[in-house]
Structure formats: structure tokens, C-alpha cells
Amino acid sequence: MARVVVTQMVMQQKLTKFCHLRQQWRLFFSASSPQQQTEFFDPETCISSIKQCQTLQSLKTLHAFTLRSRFYHHHDLFLVTNLVSQYASLGSISHAFSLFSSVSDSCDIFLWNVMIRAFVDNRQFDRSLQLYAQMRELDINPDNFTFPFVLKACGYLRDIEFGVKVHKDAVDSGYWSDVFVGNSLIAMYGKCGRVDVCRQLFDEMPERNVVTWSSLTGAYAQNGCYEEGLLLFKRMMDEGIRPNRVVILNVMACIRKVSEAEDVCRVVVDNGLDLDQSLQNAAMVMFARCGRMDMARKFFDGISNKDLVSWTSMIEAYAQADLPLEALEVFRQMILRRVLPDSVTFLGVIRACSSLASFQQARTVHGIIIHCFLGNQLALDTAVVDLYVKCGSLMYARKVFDRMKQKNVISWSTMISGYGMHGHGREALFLFDQMKALIKPDHITFVSVLSACSHAGLIDEGWECFNSMLRDFGVAPRPEHYACMVDMLGRAGKLNEAREFIERMPIRPDAGVWGSLLGACRIHSNVELAEMAAKALFDLDAENPGRYVILSNIYASSGKRTEADRIRALMKRRGVKKITGHTVIEIKNKVHTFVAGDRSQPQTELIYSELAKLMDRIRREGYTPDLNFALHDVEEETKEKMLYVHSEKLAIVFGLLNSGPGSAIRIKKNLRVCGDCHTATKFISKVTGREIIVRDAHRFHHFKDGTCSCGDYW
DNA sequence: TTAGGGTTAG
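Reading the first sequence from the start, the letters are residues 4 to 717 in our numbering.
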């Protein structure tokens, strides 16, 4: 259904474009009627007509008239400059440049400025720089108008080397003190990542205006210097300078706290700034970033004419906040209102589907994308590959990957990481070998390969890959690569080797590295090393509830009940809240969520009676409950009952009851799958003959005929 | 006689 609607919308949009074009043609024909043609002989009317030309054809006609006119000579620079400028603003850079070339022996700086600007406006930044270089070779001196255009091109190209040369020219010519030139310099250095130079320029500028402030806030925002951006904004307020909407937009991008968000909204009101569409969209994104989805939604609902960006931002905000159902509902509303989505919208929708892990939704969304010709195909295809990976289908992921016309380092890394997440280490390495022959891997590729080795227990291969990073590819290992290695060694039970590896690290181990060690200690019940890792983690990552829970579980399963309770108490004292585990399953396009002991489903009675039967069946097959995973201080029998009602088991039973015989069951858990559930699921897959695909917070487990694809290596 | 800088809103 959605696919049909979207396809219709694409066709309608094309028709609208066509009608618009036809209207423009009609205007052109009426503008070139004989009565109007005579007026072109008047010089003033001619120039103003040039500026009013709306179509290339009418401008060309006018150009032809001027050449025939007795008032103008072919080399009349004033006229030529205006024509060049108008050709460029109608998007015809070729006409503009050929006309410019016919008089380029001229040393008129005005003409050169217009042509340089023409290239910049048409995003041909490299050609604008070539023209500037040519102009300098001809010893034509740039003026205060030249610099802003050229600097803009340097900024967009991130060409700091050229930018520095232009900066020097600006200083030599004395135009550096022009406020327009100074503002452009700040913008250029900001885009090139040199906020330090931006600040120095700002401090030394003899004259500033509101654009100077917005340029520097923009530079801070683009470079992630949010604190500095906010400080500058505060100083601006203190100095009594009235901000405009660009300053507000830049500052909104810097904000991470609700109180700051509310402050900036007050500034908007106090200064009587119009809260236009773009500011409302930016405010919505800002509140979502601060975790206030209610406020974000309020802004969204308050936008009377929601545009593509409003819809897309809201979808992305929900997806980022891990509220995929809300994201998809906004997408549905958007389609109902016949707003045509673009590739960015679909990236948000894909993110939402991916966190739902809904295979059916993935198929639908992929179908829509295929029919839409949205552009940005490389990014979309890569996102779809990742989507199928996350929805548990390596086969579909690989199909899309193989059909991609273009692949970049991200596409390759995504597919490799997909194999890794599903425990197919050998395939991951095979693909990595193919990739190396075509394209240079980056630091993310190495995370994918190393984690694939880790999940599959490929230790020698993992070492080889790690050692090759710097040696063969010039990629220096970062903390995340060390974390993968610790994870790999730790999972394999080489805990001391993992510890020694950390001790030899040339960079300071981060929370990820220690977290890997702690996780390994949980698998292999090593209390001593766990304490060491936890000590480091409580300094580095005190807010993360997972760390406390793992340490407490390690103590509990080693019989150290007092220690376990001490950690739980510490967690409570520090106000760190445990994340509640839940499992989701999709049945007939509807997503059902289960928590431990869940009784909210209408089928509750049926689920629990089926669960009891199933547990008896697998017990007869040899399953014994692993009471280590029921850690509360209660009687053994109660412990066992608590294990029975884990959310994973409830979701699986619900799936068995509500899906076709023999079909695969796909569930997703928000935390790591519990060890007892892992064992039970193996037995369930055996006695029911069903394939069960479990996505947990770390990887995938494919259960079939009593075994798991992870080889119990997780 | 002509022109310019700061937001890729996601």
C-alpha cells in the first residue's frame, strides 16, 4: 500500500515540474514579442531586462538583440559583466564562461569577481580557485569583493593550503580589515577545522558585526566545540548584541542540556525573533537531543506547514531515542499527508526498522526504496545492508550488497561486521581479503574484522589482522581496537594474556577496554580480575548500570552474596538505575514486548501453560536450569521459576503459538541474552524443529537442531 | 552605473 502511494507521489512531482517548465516557456515567448523587443534598444531597460530574465532561452534572445543593437559594442564590459552574471544565476555556467573568455584579456576586477562568484554559486569550487590563481598570474589585484567568494570556495573544498595563500593576499592587500573579508576568513578556517585561528581572527578584528559572531558560533558548532559556542553566545548577550536567526541556529546546534535549550528559547522570544520554520525544526532537534522528546513533539505539532525537514527530523529524533514505533507512525502520517520522502527520511526510517529488528518491516521499506529513485543510492544501499543484518537475514543483506553498483569503505565494513555479528568469522575474513584487493580499509573496517574474529574465536587470525593494521595499512590502533583484542582473548579464556595486553597498551585503556575484560571475567568467573576491571570502570564510566550488574553477578555466582549486595547498594547510592530487560517479537506486522514475568498479553494464560509444557519437554531432553542466572537470594525452587519467566522464554513461546508451523522465530532482546535462556533455547529449537534467531545487545544467535551459531562462544 | 560575508535545518 505504502509503496503504491509513494510511487504515485513521485510521478505527481515529475508532472508538476513539467507543468512549471511549460509555463516558463510561455512567459519567454510573450517576453520576446516584437513590441517588447524594440524597448531593448534603450540601454537602461536592456540592463534591467537582463536582470529580470527568468529563463536561459529568453536571456540568449536578449543577448542576441544586444549584439545587434547600435548602442552597444561587443566589448562593452558593463553589459558583458551583467550578462555573465545573469547566465550564471540561471545556472548556465558554460554560457557565462564562454562570454567571460571572449573578454578575459580585460583586467577589470569586477568582471573577474563576477566569474569567480559564478563558479562558487554553481558549486564549481575548484574552477573558482583556478580562476583566482590565473588572475593572480596576470597580476590583477583582488579587491574586498574577491576574497569572500574565493574563501567560500576554499572552505567548501576544505582546502586550507589555498585558504592560507588567499589569507596572505588579503593581508598584503590590506583588505584583511574589511569586515566581510574577516567574516569569510573565520568561516573558511572553521570549515577547515581550525577553530583556534578563527578565535584569533575574531579577537584581532578591528570591526565586528552580527555575522562575525554567527561565523564564530558556526565554526564552534561545526567542530563540536559546544562549550565554547555557548560561552561566546553568553558573551554576545552580555555585550548587548542582538542575535539574529543564524546565530540562534548555530547556538541551538551547540546545546546539550534542557536548561540551556529553555534559555535560548527565551532569547528568541525576548528579541522578538520570528520563530520561522527552520528555527522550529532546529528547536525540535535540539530538545530531542537533550532527551526531551515531549518538547520536541510539542514543537513538531506546533509547526503549521510541516515541510520535509520537519517530518524527517521528527522521524530521526524518535529513531535516535530508540522509539521506533513512534518513528514509523510519524512516517505513516507523512505519507498520508502526501509529503514526498527523500533519502534522508529513509535513513531515519531504516534506523527505526533496524532497532525494531522487524524483518517484515525491513522488506516493506526496502521495497519502497527500490521504487523511489531517491538519489544518495550508496548511503541508502549500505543502510539497507545493515538493516537486513540487524533483522537477522544475512542472505538478504548479501544479496543487496552484491547488487550494489558502487561500494565504499563503509559498505564493505558493514557487510563484514554483519558476518561478524552472526558469528560467521570465516566469511568475514574472506570478504575482508576481497576488499583489500580493491579498497583501503579504515579504522572502522578493522573494528568489524577484529570483532568478527572475536565472536568466532579466530585468535591467530585476529592477531594477524591487529598486527597488520599499522604495518600494512598505516592505521594506528585506537582504544576500540584494543577493546576488540581484549574481548577476543578474554572470551577464549586467555584472561591473563588479556590483562598483560592491557598493561602493554601504548595508549591509556578506556572504558571499552576494561568493559571487555569485565565481560570475559563474567564468562570465566574470575573474581580477582573482575575487581581490577571494575575498579577502573567505576572511575571511567560510573554512570553505566551494566558494569555494576556484571560485577554483582560475578560475585553472586561465586557465592559471594555479601559482596554482590554491596555492589547493588553502591549502585543505588550513586543513583545508577538498572536497565529493565525486555524482549520483542513481531507477529503479523505487530510488535509485542515482553518483560520478565509479563502478564500483560491477552494470551497470558495460554502462554504460561504452553511454557510449562515446553519446559517439561526440554527437561526430558536433558535441559537443567542454570541457577547461576537467577541471582536473587531465594530458595532454589523459586529461583527456577524465576528463570522460567524470563522475557526471552515468554517471547519464544508466544512466537511458537502465533506463527506458522516450521517458520523461523525472530526475537530481539535489549540486553545480552541470559545464559540459562541460551541453553533452554537450544533445547527448544531441537524439540520444536524451529529455527530461532535471537538478536541481543551484542550479536546474533541462530538456534537450530539443538545448537547455536555462536558455538556457545559469547 | 554592477556585487559581498554567517545556516548543507535532517
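We put the beta carbon where it would ideally sit given N, CA and C, even for glycine.
Rounded C-beta distance between residue i and residue j? I'm assuming under 8 Å.
i: Gly185; j: Leu204; result: 6 Å
i: Cys455; j: Gly496; result: The sequence shown places Ala at residue 455, rather than the Cys named in the question. 19 Å between Cβ atoms; not a contact.
i: Ile610; j: Val656; result: 5 Å
i: Gly166; j: Met191; result: 5 Å
i: Pro246; j: Val270; result: 7 Å
i: Ala99; j: Val123; result: In fact, because the Cβ distance is near 12 Å, the residues do not count as touching under 8 Å.
i: Glu694; j: Ala667; result: 4 Å
i: Thr84; j: Val117; result: 5 Å
i: Thr315; j: Gly351; result: 6 Å
i: Ile553; j: Leu521; result: 6 Å
i: Leu234; j: Ile251; result: Not confirmed; about 16 Å, so no contact.
i: Ile724; j: Gln89; result: The displayed coordinates of the chain run from 4 to 717. Any statement about residue 724 would go beyond what the structure contains.
i: Cys195; j: Gly232; result: Rounded, the Cβ-Cβ distance is 17 Å, inconsistent with contact.
i: Ser307; j: Glu589; result: Not really, about 35 Å apart at Cβ, beyond 8 Å.
Between which two residues does the beta strand (DSSP E) containing residue i stretch?
i: Lys579; result: Correcting the residue type first, residue 579 is Val in the shown sequence and not Lys. Run containing Val579: none; DSSP gives neither H nor E here.
i: Lys309; result: Taken as a continuous stretch (DSSP letters only), Lys309 belongs to no beta strand (DSSP E), as it is neither H nor E.
i: Ile373; result: Per DSSP, Ile373 belongs to no beta strand (DSSP E); it is in the alpha helix (DSSP H), 362-375.
Looking only at DSSP bridge pairs, what is residue i linked to?
i: His427; result: Bridge partners of His427: none, in fact.
i: Glu265; result: Partner(s): none; Glu265 has no beta bridge.
i: Phe597; result: Thr586
i: Val697; result: Ile670, His704
i: Cys711; result: Phe706
Taking the continuous alpha helix (DSSP H) assigned at residue i, which residues delimit it?
i: Ile610; result: 607-623
i: Phe706; result: Segment 703-707 is the beta strand (DSSP E) holding Phe706; no alpha helix (DSSP H) there.
i: Ala479; result: Note, Ala479: premise wrong, no alpha helix (DSSP H); not H, not E.
i: Gly275; result: Careful: Gly275 lies outside any alpha helix (DSSP H) and carries neither H nor E.
i: Pro509; result: Run containing Pro509: none; DSSP gives neither H nor E here.
i: Ala455; result: 446-459
i: Thr69; result: 59-71
i: Met337; result: 327-339
i: Cys356; result: 346-359
i: Leu630; result: Neither: Leu630 is in no alpha helix (DSSP H) and is coded neither H nor E.
i: Ala400; result: 397-406
i: Tyr391; result: 380-393
Taking a contact to mean a Cβ-Cβ separation below 8 Å, would you say residue i touches residue j in this structure?
i: Phe435; j: Val452; result: yes
i: Gly428; j: Arg702; result: no
i: Asn212; j: Asp181; result: no
i: Arg675; j: Asp699; result: yes
i: Ser288; j: Ala320; result: For the record, residue 288 in the displayed sequence is Val; it is not Ser. Cβ atoms of Val288 and Ala320: closer than 8 Å.
i: Gly493; j: Ala537; result: no
i: Gly678; j: Val648; result: no
i: Ile163; j: Ile112; result: no
i: Pro605; j: Lys581; result: no
i: Val530; j: Pro482; result: no
i: Asn253; j: Ala224; result: yes
i: Ala759; j: Ile557; result: With the chain covering only 4 through 717, there is no way to say anything about residue 759.
i: Leu383; j: Phe349; result: yes
i: Met488; j: Gly465; result: yes
i: Glu643; j: Phe686; result: no
i: Leu65; j: Ser109; result: no
i: Ser262; j: Asn284; result: no
i: Leu390; j: Ala365; result: yes
i: Leu82; j: Leu62; result: no
i: Pro480; j: Met472; result: yes
Using 7 Å as the cut-off, classify the Cβ of residue i as near or not near the heavy atoms of the ligand ZN, replying yes or no.
i: His705; result: The ligand content of the structure shown is nil, which means the ligand ZN is not present either.
request  = Identify every run of the beta strand (DSSP E) within the region 637-694, keeping only runs that are complete inside it and at least 3 residues long; order them along the chain.
outcome  = 668-672
message = I'd like the ranges of any alpha helix (DSSP H) spanning at least 4 consecutive residues and lying wholly in the region 516-568.
response = Segments of the alpha helix (DSSP H) lying fully in the region 516-568: 530-543, 548-560.
message = Ignoring anything shorter than 3 residues, give me the beta strand (DSSP E) runs that lie fully in the region 83-165, in order along the chain.
response = none
request  = Could you pull out every unbroken beta strand (DSSP E) segment of at least 3 residues lying fully inside the region 279-304, listed in chain order?
outcome  = none
ask   = Which ranges would you report for the beta strand (DSSP E) in the region 181-247 if only whole runs of at least 3 residues count?
value = none
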